[in-house]
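K.L.:
Protein sequence lines correspond, in order, to chains A and B. So that you can map any letter, position 506 of the first sequence is 506 in our numbering, and since no number is skipped, the others follow by simple counting. So that you can map any letter, position 220 of the second sequence is 1220 in our numbering, and since no number is skipped, the others follow by simple counting. Here a beta-carbon is modelled for each residue, glycine too, at the ideal position from N, C-alpha and C. Just so it is clear, the structure is predicted and the values come from calculations on it, not from any experiment.
2 protein chains.
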Amino acid sequence: MSHTKTEKPVYRTELSPLSFLQRSAAVFPDKIAVVHGDRRYSYKNFETRVIRLASQLRKYGLEKHDRVAFLCPNIPALLEAHFAVPMAGGILVAINTRLNSDEIGYILEHSGSRFLFVDKELFPLVDKLKKEDLHTVVVDDSGEPGDPFEIFISEGSDESIEIWLEDEEEPIALNYTSGTTGRPKGVIYTHRGAYLNALGEIIETGLTNNSKYLWTLPMFHCNGWCFTWAVTAIAGTHICLRKTESSLIWELIRKEGVTHFNGAPTLMVMLVNDPSAALVQNPVTVTIAGAPPSPTLINRIKSLNFNPVHVYGLTETYGPTTICEWHEEWNMLDAELQSKLRARQGQAYIISDLVRVVNANMEDVPKNGAVIGEVVIRGNNVMKEYFGLPEATATAFRGGWFHSGDLAVWHQDGYIELRDRLKDIIISGGENISTIEVEQAIVKHPAILECAVIAIPDEKWGERPKAFVTLKRGAYATEQEIIDFCRTQIAHFKCPAKVEFSELPKTSTGKIQKYVLRAREWGDKEKKIN
Amino acid sequence: MSHTKTEKPVYRTELSPLSFLQRSAAVFPDKIAVVHGDRRYSYKNFETRVIRLASQLRKYGLEKHDRVAFLCPNIPALLEAHFAVPMAGGILVAINTRLNSDEIGYILEHSGSRFLFVDKELFPLVDKLKKEDLHTVVVDDSGEPGDPFEIFISEGSDESIEIWLEDEEEPIALNYTSGTTGRPKGVIYTHRGAYLNALGEIIETGLTNNSKYLWTLPMFHCNGWCFTWAVTAIAGTHICLRKTESSLIWELIRKEGVTHFNGAPTLMVMLVNDPSAALVQNPVTVTIAGAPPSPTLINRIKSLNFNPVHVYGLTETYGPTTICEWHEEWNMLDAELQSKLRARQGQAYIISDLVRVVNANMEDVPKNGAVIGEVVIRGNNVMKEYFGLPEATATAFRGGWFHSGDLAVWHQDGYIELRDRLKDIIISGGENISTIEVEQAIVKHPAILECAVIAIPDEKWGERPKAFVTLKRGAYATEQEIIDFCRTQIAHFKCPAKVEFSELPKTSTGKIQKYVLRAREWGDKEKKIN
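1) Could you pull out every residue in the same chain whose Cβ sits closer than 6 Å to the Cβ of A:Gly263, ignoring the five residues on either side in sequence?
2) So is A:Tyr553 in contact with chain B if we call contact Cβ pairs under 8 Å?
3) Under 8 Å between beta-carbons, which chain B residues line up against A:Asp431? List them in chain order, please.
4) For chain B, check one thing: does any of its Cβ atoms lie closer than 8 Å to the Cβ of A:Arg12?
5) Work out the CA separation of B:Asn1299 and B:Glu1374 for me, nearest whole Å.
6) Taking the C-alpha atoms as reference points, what is the distance between B:Val1068 and B:Ala1477?
7) Going by the CB atoms, is the gap between A:Pro184 and A:Ile107 shorter than 8 Å?
8) Just how far apart, CA to CA, sit B:Phe1123 and B:Ala1233?
9) So A:Pro496 and A:Lys466 are supposed to be a Cβ contact under 8 Å. How far apart are they, rounded?
10) Just checking my contact of A:Ile203 with A:Ile350 at CB under 8 Å: how many whole Å lie between their CB atoms?
11) Output yes or no for whether 8 Å exceeds the beta carbon distance between A:Glu155 and A:Arg192.
12) Between which two residues does the beta strand (DSSP E) harbouring A:Cys486 extend?
13) Which residue or residues does DSSP assign as beta-bridge partners of B:Lys1506?
14) Just tell me which of B:Thr1177, B:Leu1252, B:Phe1261 and B:Lys1255 has its CA closest to the CA of B:Ala1230.
15) In this structure, does DSSP put B:His1310 in helix, strand or coil?
16) For B:Leu1165, which residues of its own chain have a beta-carbon under 7 Å away from its beta-carbon, when the five flanking residues on both sides are left out?
17) Quick one: any contact between the segment 1057-1064 of chain B and the segment 1080-1090 of chain B, if contact means 3 or more CB pairs under 8 Å?
18) Just by C-beta distance, which residues in the segment 104-130 of chain A are closer than 8 Å to chain B?
19) Measure from the C-beta of B:Asp1353 to each C-beta in chain A and report whether the shortest distance is under 8 Å.
20) Determine which residues of the segment 379-402 of chain A have a Cβ less than 7 Å from any Cβ of chain B, and write them out in chain order.
21) Hey, B:Ile1448 and B:Ile1454: beta-carbon distance below 8 Å or not?
22) In three-state terms, what does DSSP make of A:Lys8?
23) In chain A, which residues lie with their C-beta within 7 Å of the C-beta of B:Ala1233?
24) Tell me, please, whether the CB atom of B:Arg1023 is closer than 8 Å to any CB atom in chain A?
25) Inspect the beta-carbon positions of A:Ile32 and A:Ser19 and report whether they are closer than 8 Å.
26) Residues of chain A with CB closer than 7 Å to the CB of B:Thr1208, please, in chain order.
27) Starting from the Cα of A:His82, find the closest Cα among A:Thr208, A:His238 and A:Val138 and give me that residue.
28) In the DSSP assignment, what are the bridge partners of B:Val1258?
29) Based on DSSP bridge pairs, tell me the residues matched to A:Phe70.
30) My understanding is that B:Arg1419 touches B:Ile1482, with C-beta atoms under 8 Å, so please give their C-beta distance in whole angstroms.
31) Determine the direct distance from the alpha carbon of B:Val1357 to that of B:Asp1406, and round the result to whole angstroms.
32) Rounded to whole angstroms, what's the CA-CA distance from B:Ile1433 to B:Leu1099? Just pull it up for me.
33) Quick check on this structure: which residue in A:Asp38, A:Val499, A:Thr470 and A:Asp413 has the alpha carbon closest to the alpha carbon of B:Pro1029?
34) How far does the beta strand (DSSP E) with B:Ile1426 in it reach, from first residue to last?
35) In the DSSP assignment, find the unbroken alpha helix (DSSP H) run with B:Asp1102 in it and report its ends.
36) Between A:Asp102, A:Glu80 and A:Glu103, which has its C-alpha nearest A:Leu92's C-alpha?
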């Protein structure tokens, strides 16, 4: 790989995560970069595999900024793609493996992907999709010579390839997120943003070259919050994980000496309640986002010698963008107050601009912990655009700030604390669910007249969708029937946990008043998110 | 301070260390940012003082990119200048306090500085200089209301000021270095470079917000290797230090719980040999540059519970640019071999491009640890230019790489190891000395016909200058006379430690053969630097 770019001034190298792998492979060639079961790849191996994959993408006709889709769990192939695809000059589309076939088909088509790498177990999801223009490679994830993915890369060249990157603001990845509309939107990340966010993660979570990072967080979520690039930059060890089973995670924590892992509170609850849960010898940094961790969870996490770090962000912000930075003096406070402080989303990462909480006129709300406004964000940690959706981008960027759709109070000390959402989405186990998408799926059922979906609090998942439906005159359907029907339409995790049959509260103009339903389900809770 | 810059895309904020102070003051307002004797400034205080100083510079007529000189030891005023000067839109010129009056006068004039802030004790150095066009403020360093510097900032405004920065590649600092010519050259740093190098220092030396950084390294050296900005970014604590006295340093290490400090081996030798030297309770990271640390020194450092980090760089590279990254498996080797490995300069920082060792045709020398070539560097850690010297810049940047002038071998594992210098400079206690400048000073003595100055090894200072002189026919001078004469011309640390009277070895065309003199003094040492 050549980074010479002689046309650039001597004092300027375009910021790109590609330099991280190049450097770690040069400085720590024999260090273990990737662990996957019994497989071990050194940084030199890792780089060689990446170069081969990149060269093959070129050989099969990849042109600059072509999209390359991966539908894989957290396995070496997907990690390698985080470097090989941009090295070849393409844009990585890491698809959520929890989606159904239609949803995946939509993303493949909308992104215009020219390549698809699909894990053997997930192949049924794409089997029936139109794939004529899609060069498809199955990943057996065996690492053995017969694995189609291994055959593909084995034919690649070991010679470093010319890098096409001319400007650090070129796209590196395209990540689809469930927004407020029924269809997911594609979020464009740049090389510059990915580079800076990776450095931010290293600093904020204290990664070092002795770190062993366990891949509990899906790599398809914001490219693993940029940890794909961050752990590589610091020359730590990636520990891959096909399935987030808590007993296996506990086994790996002990066997591999894990120092860091990330996830939503749902994952953490599952882990701390596993029969294998026990004090770890060396402290493990556990970075939590997706929903505020509860005091009970925090206490349990700490009792296991885990060090909890609470962060907040969105797909549009490369993952985490704020952190609840801990103040030493807070250690003197009682446990409940400590947990209350830690449940706040905090303030910007070192590499981010300070976030604001604003009213509808883009004016700061008072820092009094009471007035609610919208969290707005700007800076190098904000996406470049929604792919192919200039209007949606302009709306999200109105007033010169990215509108998160999250409602928060602003505390006197400058920390923000989320309270509710403007966006009609549900966050369940760290996954976004568009209520509109669920509603559209439900009303396809022949018995249903109309429907409204809201989030309800759930102990395990944080939130789950609940549907309120009105049946057509004379029609009949059971709760289970509707749920089952829904599962034929959209990903299982998006389907309602409960269905209630009732009249829907409406305004005089006929608009459904979801807030009435929410009030009924959430009662007088201070926060309307969980 | 406003970073809004609404004309920029939402996803782009110009990289600038200014954001570091803004963020730390917002997130950790009450945390101690600066310690100086009994004085303590919180991050909020620090920011307020910086804003006042910046607003005063504007009030006194600072225009964009005006140079603002500081001649101060490591005191709060100079640290504040690292943010206030760029906040106002100026370029900071932190002058080496070990220079003499003429040299300082040259820098003030060459830089075109419009402001001079000078420490009370250093005022005699500038007393006789022409200062009509130079707004001069004395810094008593008392922090008390009567201190002229305190009066100056007390008149400043507390209101945040509009930031003029439009492009992250605008200059932030101008640092003069003794190069190969008689006169120092001014090295231009950019906001982007300063920002990235600061993040690099945080990551490579493991700074956290619990870090307490002791200012043993002069802030006038590469802006303290960018630690002025790095420690602020991470919201650590700066511990200022007027004088590098080893007993005081030991006192502060214990009293303030220092976690990090930096310096040349000379400082480290002084410290470990101080009567107060004793095991520290918590490990202290000691970052060493300026010359390779000896095995004896490394062992002594480690025995005190200091963790040595060996780095290498130049003024032209914002301070350190390579690091001898330690490999865990090296801990198994015998102590001597470990020290040998650690004495190598290593490879690039995470934020830097990999460095190369090249021959005269810019081809890589073999990685065999034997063939010597020049170390060349490029990337975001390279200066923008030599101020006002386009030809010198072009020469330094020939072939699209910055030429360090340092000669090294390239080991099989990619690490570099310095062996000699192309540039005719001496590095004594971390300070560069131009041999040409010393020669020019000596030949002004009426008795001297000609002279050649080379470095000789010195146990305390690493290297010291030695002059070989030929007297005019019939003239007479003693060694001490020549040294004393020299001290009237140039800074004391630049004057020869020894003078030898002899014929100078020359080529047939009359060029002095310094290598003959070096061979005589250095014998068969593998390295011709120390």
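P.N.:
Based on what the coordinates show:
1) Taking the first sequence and counting its residues from 1, the one referred to as residue 263 of chain A is at position 263. Within the same chain, A:Gly263 has close Cβ partners Thr216 and Leu217.
2) Outside the displayed span of chain A (1 to 530) sits residue 553 of chain A, for which this structure offers no information.
3) Working through the first sequence from its first residue, we reach residue 431 of chain A at position 431. This sequence places Glu at residue 431 of chain A; Asp is not what is there. Within 8 Å Cβ-Cβ: nothing; A:Glu431 doesn't reach chain B, min ~25 Å.
4) Working through the first sequence from its first residue, we reach residue 12 of chain A at position 12. Yes, contact with chain B.
5) Here residue 1374 of chain B refers to the residue found at position 374 of the second sequence. Here residue 1299 of chain B refers to the residue found at position 299 of the second sequence. The alpha-carbon atoms of B:Glu1374 and B:Asn1299 are separated by roughly 30 Å.
6) Here residue 1068 of chain B is taken as the residue at index 68 of the second sequence, counted from 1. Here residue 1477 of chain B is taken as the residue at index 477 of the second sequence, counted from 1. Between B:Val1068 and B:Ala1477, the C-alpha separation is close to 43 Å.
7) On the first sequence, residue 107 of chain A is found 107 positions in, with the first residue counted as 1. On the first sequence, residue 184 of chain A is found 184 positions in, with the first residue counted as 1. Yes.
8) Within the second sequence, the letter at position 123 stands for residue 1123 of chain B. Within the second sequence, the letter at position 233 stands for residue 1233 of chain B. Using only the alpha carbons, I get a separation of about 32 Å.
9) Position 496 of the first sequence, counting from 1, holds the residue named residue 496 of chain A. Position 466 of the first sequence, counting from 1, holds the residue named residue 466 of chain A. Right, the Cβ-Cβ distance comes to about 6 Å (below 8 Å), so this counts as a contact.
10) For the purposes of this step, residue 203 of chain A is identified with residue 203 of the first sequence, where counting begins at 1. For the purposes of this step, residue 350 of chain A is identified with residue 350 of the first sequence, where counting begins at 1. Contact flag correct, Cβ pair sits at about 6 Å.
11) To locate residue 155 of chain A, count along the first sequence from 1; it is residue 155. To locate residue 192 of chain A, count along the first sequence from 1; it is residue 192. Taking 8 Å as the Cβ cut-off, A:Glu155 and A:Arg192 do not qualify as a contacting pair.
12) Residue 486 of chain A sits at position 486 when you count from the first residue of the first sequence. Run containing A:Cys486: none in the beta strand (DSSP E); it sits in the alpha helix (DSSP H), Glu479 to Gln489.
13) Position 506 of the second sequence, counted from the start, is the residue given in the question as residue 1506 of chain B. B:Lys1506 pairs with B:Ile1512.
14) Residue numbering aside, residue 1230 of chain B sits at position 230 when the second sequence is read from its first letter. It is B:Phe1261.
15) To locate residue 1310 of chain B, count along the second sequence from 1; it is residue 310. Three-state result, B:His1310: strand.
16) Within the second sequence, the letter at position 165 stands for residue 1165 of chain B. Around B:Leu1165: Glu1014, Ser1016 and His1191.
17) yes
18) Residues of the segment 104-130 of chain A with a Cβ closer than 8 Å to any Cβ of chain B: none.
19) Within the second sequence, residue 1353 of chain B is the residue found at index 353, counting from 1. Closer than 8 Å: yes.
20) Gly379, Asn380, Val382, Met383, Lys384, Phe397, Gly400, Trp401 and Phe402
21) By 1-based counting over the second sequence, the position of residue 1448 of chain B is 448. By 1-based counting over the second sequence, the position of residue 1454 of chain B is 454. Cβ atoms of B:Ile1448 and B:Ile1454: not closer than 8 Å.
22) Taking the first sequence and counting its residues from 1, one reaches residue 8 of chain A at position 8. It is coil, neither helix nor strand.
23) Within the second sequence, the letter at position 233 stands for residue 1233 of chain B. From the beta-carbon of B:Ala1233, the residues of chain A found nearer than 7 Å are Ile350.
24) The sequence position of residue 1023 of chain B within the second sequence is 23, counting from 1. So yes, B:Arg1023 belongs to the interface.
25) Along the first sequence, read from residue 1 onward, the residue named residue 32 of chain A stands at position 32. Along the first sequence, read from residue 1 onward, the residue named residue 19 of chain A stands at position 19. The answer is no: Cβ separation not under 8 Å.
26) Looking up residue 1208 of chain B in the second sequence gives position 208. Within 7 Å Cβ-Cβ: Gly206.
27) Against the first sequence, residue 82 of chain A aligns to sequence position 82. The candidate whose alpha carbon is nearest that of A:His82 is A:His238.
28) Here residue 1258 of chain B refers to the residue found at position 258 when the second sequence is read from its first residue. None, per the DSSP bridge assignment.
29) On the first sequence, residue 70 of chain A is found 70 positions in, with the first residue counted as 1. In the DSSP output, where bridge partners are listed per residue, A:Phe70 has A:Ala94 and A:Phe117.
30) Within the second sequence, residue 1419 of chain B is the residue found at index 419, counting from 1. Within the second sequence, residue 1482 of chain B is the residue found at index 482, counting from 1. In fact, because the Cβ distance is near 31 Å, the residues do not count as touching under 8 Å.
31) Locating residue 1406 of chain B in the second sequence gives position 406, counting from the first residue. Locating residue 1357 of chain B in the second sequence gives position 357, counting from the first residue. Rounded to whole angstroms, B:Asp1406 to B:Val1357 spans 9 Å at the Cα level.
32) Along the second sequence, one-based indexing puts residue 1433 of chain B at 433. Along the second sequence, one-based indexing puts residue 1099 of chain B at 99. Approximately 11 Å between the Cα atoms of the pair.
33) Taking the second sequence and counting its residues from 1, the one referred to as residue 1029 of chain B is at position 29. Taking only the C-alpha atoms, the option nearest B:Pro1029 is A:Asp413.
34) On the second sequence, residue 1426 of chain B is found 426 positions in, with the first residue counted as 1. First-last of the beta strand (DSSP E) with B:Ile1426: Ile1425 to Ser1428.
35) Within the second sequence, residue 1102 of chain B is the residue found at index 102, counting from 1. In the DSSP annotation of this structure, the continuous segment of the alpha helix (DSSP H) that includes B:Asp1102 starts and ends at Ser1101 to Ser1111.
36) Taking the first sequence and counting its residues from 1, one reaches residue 92 of chain A at position 92. For the residues A:Asp102, A:Glu80 and A:Glu103, the minimum Cα distance to A:Leu92 belongs to A:Glu80.
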